[in-house]
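Peer 1: I have a structure here, written as structure tokens, and I will follow up with some questions on it.
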């Protein structure tokens with residue numbers, strides 16, 4: 001079945017657990033920050049909980065975006081690497097339940113990547129990320145037929161932190177270029193822009209058709225400060241740009257024009273996944289007949305809804321009626 005979007009990214013399971021300060025102190029992690037941990041350390045942390053009874057969802061940046069595309073009613077596919085374990089089986093079940101096509105070979109002997117989100121009584125979130133099997137994604141996992149079957153491929157920037165995962169990203173890009181499939185790429189994080197700035201520029205000047213970034217990433221990339229100037233500079237070589245501005249909305253650059261998208265007022269509860277949700281709204285819109293402004297309007301409202309709740313997945317997905325109302329204002 002043809003897909004709107006085929007995404008390549010890290011396959012992680014987000015695991016949320018309520019904890020007290022005594023356990024955090026025992027685990028000896030800095031409260032309120034994200035820490036990368038190895039397989040053994042993460043296993044020791046998760047051993048304190050009964051995993052199937054905790055709140056879990058398939059995560060990782062690209063997986064969050066592709067779940068959003070599916071939630072809106074789009075046709076979505078994903079490739080990532082999981083371990084041959086219960087957590088990996090959960091990842092597959094969770095995405096497939098949304099209608100996402102995902103066909104992977106589990107990796108024996110390596111745990112599925114996880115992000116343990118430890119929520120203390122004061123609502124502080126201490127995040128422990130173990131990439132696990134996701135870091136073993138390689139170019140052999142990329143299926144040319146799946147790329148050909150999509151309108152867009154979507155690549156998360158985090159893949160460029162590892163040699164194998166970077167090779168997988170470039171294999172997908174090569175297949176897309178060869179078969180005239182459009183390519184979307186997200187900067188993922190300011191630290192990544194600082195680390196591989198010239199490589200990102202090469203992608204923007206070359207095969208990437210749609211570049212996603214936030215204001216801080218755009219400033220780091222261009223050396224400019226004004227949002228419109230940043231977006232315009234990137235648009236000189238990128239056909240399309242989608243730049244988020246937090247509560248101030250976003251800017252879309254398309255056809256040489258700047259399209260201002262309004263922010264949506266919301267009481268922020270958790271900003272995790274807001275950018276991923278926004279990307280999902282844009283990708284769904286432009287692959288399903290919406291104008292760029294309509295897609296931006298939908299994406300802005302979806303990002304606001306996810307910010308107003310815990311977790312990167314919409315607790316209450318948009319109904320068809322809501323989507324119709326949003327795109328017809």
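Numbering (UniProt numbering), first residue to last: 1 to 329.
C-beta: ideal position from N, C-alpha, C; glycine also.
1) Helix, strand or coil for residue 326 per DSSP?
2) Quick check on the DSSP output: the alpha helix (DSSP H) that includes residue 318 runs from which residue to which?
3) On the premise that residue 78 lies in contact with residue 95, defined as a C-beta separation below 8 Å, what is that separation, rounded to the nearest angstrom?
4) Should residue 13 go down as buried or exposed, given a rule of 16 or more other Cβ atoms within 10 Å for buried?
5) So does the stretch 273 to 284 actually touch the stretch 58 to 70, counting three or more Cβ pairs closer than 8 Å?
6) Determine the direct distance from the alpha carbon of residue 61 to that of residue 21, and round the result to whole angstroms.
7) Would you report the Cα separation of residue 142 and residue 58, rounded to the nearest angstrom?
8) Note down, in chain order, each residue of its chain lying with its Cβ closer than 7 Å to the Cβ of residue 167, except the 5 sequence neighbours on either side.
9) Compute the beta-carbon to beta-carbon distance between residue 151 and residue 4, rounded to the nearest angstrom, for a pair I have assumed lies under 8 Å.
10) Identify every run of the beta strand (DSSP E) within the stretch 41 to 95, keeping only runs that are complete inside it and at least 3 residues long; order them along the chain.
11) Do the stretch 253 to 261 and the stretch 38 to 48 meet, that is, are 3 or more Cβ pairs less than 8 Å apart?
12) Output the boundary residues of the beta strand (DSSP E) element that contains residue 332.
13) Measure the C-alpha to C-alpha separation of residue 325 and residue 187 and round it to an integer number of angstroms.
14) Quick check on the burial criterion: 16 or more other C-beta atoms within 10 angstroms. Buried or exposed for residue 111?
15) If you follow the alpha helix (DSSP H) that residue 30 is part of, which residue opens it and which one closes it?
16) Give me, in chain order, the residues of the same chain whose beta-carbon lies closer than 8 Å to that of residue 232; leave out the 5 immediate sequence neighbours on both sides.
17) Have a look at the DSSP bridge pairing and note the partners of residue 240.
18) Looking at residue 262: is its Cβ nearer than 8 Å to the Cβ of residue 249?
19) Measure the alpha-carbon distance for residue 334 versus residue 36 and round it to whole angstroms.
20) Since residue 331 and residue 283 should fall inside the 8 Å C-beta cutoff, what is the C-beta to C-beta distance between them, to a whole number of angstroms?
21) DSSP three-state label for residue 35, please.
22) Restricting to Cα atoms, I'd like to know which of 28, 128, 183, 106 is closest to residue 7.
23) Can you tell me which of the three DSSP states residue 4 falls into?
24) When DSSP labels each residue in this structure, what does residue 178 get in the three-state scheme?
25) Mapping the DSSP letters down to three states, classify residue 249 as helix, strand or coil.
26) Touch check for the stretch 101 to 118 and the stretch 72 to 87: three-plus C-beta pairs under 8 Å?
27) Which residues bound the alpha helix (DSSP H) around residue 222?
28) Beta strand (DSSP E) containing residue 200: first to last residue?
29) Between 307, 127, 16, which lies nearest to residue 28 when the distance is taken from Cα to Cα?
30) Give the straight-line distance between the Cα atoms of residue 89 and residue 54, rounded to the nearest whole angstrom.
31) Based on Cα-Cα distance, which residue from 287, 297, 56 lies nearest to residue 313?
32) Drop a sphere of 10 angstroms on the beta-carbon of residue 189, count the other beta-carbons inside from all chains shown, and report buried for 16 or more, exposed for fewer.
Peer 2: On the basis of the coordinates in this document:
1) As a first step, residue 326 is located in the chain shown; it is residue number 326 there, counting from the start. The answer is helix: DSSP assigns residue 326 an H, G or I state.
2) Within the chain shown, the letter at position 318 stands for residue 318. First-last for residue 318: undefined, no H or E at that position.
3) For the purposes of this step, residue 95 is taken as residue 95 along the chain shown, with counting starting at 1. For the purposes of this step, residue 78 is taken as residue 78 along the chain shown, with counting starting at 1. The Cβ separation is near 6 Å, so the contact holds.
4) On the chain shown, residue 13 is found 13 positions in, with the first residue counted as 1. It counts as buried.
5) The stretch 273 to 284 is in contact with the stretch 58 to 70.
6) For the purposes of this step, residue 21 is taken as residue 21 along the chain shown, with counting starting at 1. For the purposes of this step, residue 61 is taken as residue 61 along the chain shown, with counting starting at 1. Spanning the two alpha carbons is a distance of roughly 29 Å.
7) Taking the first residue of the chain shown as position 1, residue 142 is located at position 142. Taking the first residue of the chain shown as position 1, residue 58 is located at position 58. When only Cα atoms are considered, residue 142 and residue 58 end up about 20 Å apart.
8) Position 167 of the chain shown, counting from 1, holds the residue named residue 167. If we look at residue 167 and ignore the five residues flanking it on each side, its Cβ neighbours are 138, 139.
9) Stepping through the chain shown from its first residue, residue 151 is reached at position 151. Stepping through the chain shown from its first residue, residue 4 is reached at position 4. 5 Å between Cβ atoms; contact.
10) Listed in chain order, they are 55 to 59, 76 to 79.
11) The stretch 253 to 261 vs the stretch 38 to 48: no contact.
12) This structure cannot speak to residue 332, because the chain is shown only from 1 to 329.
13) Here residue 325 refers to the residue found at position 325 when the chain shown is read from its first residue. Here residue 187 refers to the residue found at position 187 when the chain shown is read from its first residue. The straight-line gap separating the alpha-carbon atoms of residue 325 and residue 187 is approximately 31 Å.
14) Translated into positions along the chain shown, residue 111 becomes position 111. That one is buried.
15) On the chain shown, position 30 is the one that residue 30 refers to. Segment: none, residue 30 is in no alpha helix (DSSP H) and carries neither H nor E.
16) Counting from one through the chain shown, the residue named residue 232 turns up at place 232. Same-chain partners within the cutoff: 253, 258.
17) As a first step, residue 240 is located in the chain shown; it is residue number 240 there, counting from the start. For residue 240, the beta-bridge partners assigned by DSSP are 210, 254.
18) Against the chain shown, residue 262 aligns to sequence position 262. Against the chain shown, residue 249 aligns to sequence position 249. Yes, they are a contact pair.
19) The question about residue 334 has no answer, for the chain in this structure spans 1 to 329.
20) The question about residue 331 has no answer here: the residues shown for the chain are numbered 1 through 329.
21) Taking the first residue of the chain shown as 1, we reach residue 35 at position 35. Look at residue 35 here: in three-state DSSP terms it is strand.
22) Position 7 of the chain shown, counted from the first residue, corresponds to residue 7. Per the Cα distances, 183.
23) What you label residue 4 is simply residue 4 of the chain shown in a count that begins at 1. Per DSSP, reduced to three states, the secondary structure at residue 4 is strand.
24) Residue numbering aside, residue 178 sits at position 178 when the chain shown is read from its first letter. Helix, per DSSP.
25) Position 249 of the chain shown, counting from 1, holds the residue named residue 249. Coil, per DSSP.
26) The stretch 101 to 118 is in contact with the stretch 72 to 87.
27) Position 222 of the chain shown, counted from the start, is the residue given in the question as residue 222. Looking at the DSSP string, the run of the alpha helix (DSSP H) that includes residue 222 is 215 to 222.
28) Here residue 200 refers to the residue found at position 200 when the chain shown is read from its first residue. Where residue 200 is concerned, there is no enclosing beta strand (DSSP E), although the alpha helix (DSSP H) it sits in stretches over 197 to 205.
29) Against the chain shown, residue 28 aligns to sequence position 28. Closest option to residue 28, Cα to Cα, is 127.
30) In the chain shown, counting from the first residue as 1, residue 89 sits at position 89. In the chain shown, counting from the first residue as 1, residue 54 sits at position 54. Each residue's Cα considered, the two are about 15 Å apart.
31) Walking along the chain shown from the start, residue 313 turns up at place 313. Restricting attention to 287, 297, 56, the CA atom closest to the CA of residue 313 is found in 56.
32) For this step, residue 189 is matched to residue 189 along the chain shown. Burial of residue 189 is indicated by the presence of at least 16 other C-beta atoms within 10 angstroms of its C-beta.
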